[in-house]
């Protein structure tokens, strides 16, 4: 009996140490993201008017919150990655820049008739994000030392799965857009009731983006270890945070009434898509069960 109690106490102590280490690593990554934002802003000034004083957060508060959420999302991926070192840094940079910059700026360009952003500003914002994500990826590769594992089994009929997820993305995109964002009068007015948005070309464009989303998800999730469900939840968090959190920033061109509707729309739809794309792409191929550890212990590299 005493041995069982001692064993349980030892496991509890190890769990607490893992939790503390995970929190510390995530806090360090948060600081790196903050410093990266400041450094990138100094190296690449963005030519935008001062942001509007609307929304629940000031620019400084939004910076703390957004970078904190990104730190958690990237830490979850780093802690459960199959790769380490340089390959881990490449994975994190590719994931963060592809999701949080390339995919978002593609849509910015498509709807720029409403946003009216100069192309030079879009380039400047992309450069700022690239610098910030590169620093964060390097820091995470040094901080997190996940246990290397075998490559994830490749599922059968992969092309069919990618096509399914590309089409499902379009369904989720328009469903969330109509039932969440488009219910806002501010959103309808901002986009002039969609009168200038060509429907069929936009659908084709979103199918193209859906294909890219599926390929990005495959690249990331095939480099994670753990149960299928754990990877699906991590992908949901990663997709949701990297796409929606930036809408918390006050801007000169995007009022809060519009941003808040898009925040709910994008955050929810991307979380659901991140889960579904993992389940569809890897169902039947993931055979490595996740041990009974929390996500924080996975971040700490103790699993």
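Residue numbers (my numbering): 236 to 538. We put the beta carbon where it would ideally sit given N, CA and C, even for glycine. Here the structure is a predicted model, which is why all the values come from computation and not from measurement.
| Asked | Found |
| --- | --- |
| In chain order, what residues of the same chain have a beta carbon less than 6 Å from the beta carbon of residue 252, not counting five sequence neighbours either side? | none |
| Between the alpha carbons of residue 411 and residue 466, how many angstroms are there, rounded? | 23 Å |
| With the cut-off set at 7 Å, would you say residue 505 and residue 474 are in Cβ contact? | yes |
| Return the residue from the list 378, 271 and 282 that minimises the CA-CA distance to residue 302. | 271 |
| Note the first and the last residue of the continuous alpha helix (DSSP H) segment covering residue 512. | 491-517 |
| Could you spell out the range, first to last residue, of the alpha helix (DSSP H) harbouring residue 418? | Where residue 418 is concerned, there is no enclosing alpha helix (DSSP H), given that its DSSP letter is neither H nor E. |
| Could you give the first and the last residue of the continuous alpha helix (DSSP H) run that contains residue 445? | 434-456 |
| Which residue from 458, 341, 488 and 345 puts its Cα closest to that of residue 282? | 488 |
| Would you say the segment 345-355 touches the segment 303-314, given that touching needs at least three Cβ pairs under 8 Å? | no |
| From residue 443 to residue 346, what does the alpha carbon distance come to, in whole angstroms? | 15 Å |
| Whole angstroms are fine: how far does the CA of residue 291 sit from the CA of residue 371? | 27 Å |
| Would you please state the rounded distance, in angstroms, between the beta carbons of residue 374 and residue 267? I believe it to be under 8 Å. | 4 Å |
| On the criterion of 16 or more Cβ atoms from any shown chain inside 10 Å, does residue 395 qualify as buried, or is it exposed? | exposed |
| Measuring straight from C-alpha to C-alpha, what distance separates residue 321 and residue 458? | 14 Å |
| Skipping 5 residues on each side, what residues in its chain have a beta carbon closer than 7 Å to that of residue 360? | 281 |
| Would you check if the distance between the CB atom of residue 332 and the CB atom of residue 368 is smaller than 7 Å? | yes |
| What are the partner residues of residue 316, as DSSP defines its beta bridges? | 459 |
| Using 8 Å for Cβ pairs, my map puts residue 516 next to residue 453. What's the rounded Cβ distance? | 5 Å |
| With a threshold of 16 other CB atoms inside 10 Å of the CB of residue 481, please say whether the residue is buried or exposed. | buried |
| Any idea what DSSP makes of residue 391, helix, strand or coil? | coil |
| Can you tell which of 497, 464 and 496 has its C-alpha closest to the C-alpha of residue 513? | 464 |
| Under a three-way DSSP split, which group does residue 358 fall into? | helix |
| Assess contact between the segment 412-431 and the segment 336-345, defined as three or more Cβ pairs (one per stretch) separated by less than 8 Å. Is contact present? | no |
| Looking at the unbroken alpha helix (DSSP H) that takes in residue 324, where does it start and where does it end? | 321-332 |
| Please determine, among 308, 289, 279 and 298, the residue with the shortest C-alpha to C-alpha distance to residue 261. | 308 |
| Under a Cβ-count criterion, where at least 16 other Cβ atoms within 10 Å of its own Cβ denotes burial, should residue 284 be classed as buried or exposed? | exposed |
| Between the C-alpha atoms of residue 381 and residue 471, what's the straight-line distance to the nearest angstrom? | 21 Å |
| Which residues in the same chain as residue 405 place their Cβ atom closer than 8 Å to its Cβ, once the five residues preceding and following it in sequence are excluded? | 438, 441, 442 and 445 |
| Kindly indicate which three-state DSSP category residue 426 falls into: helix, strand or coil? | coil |
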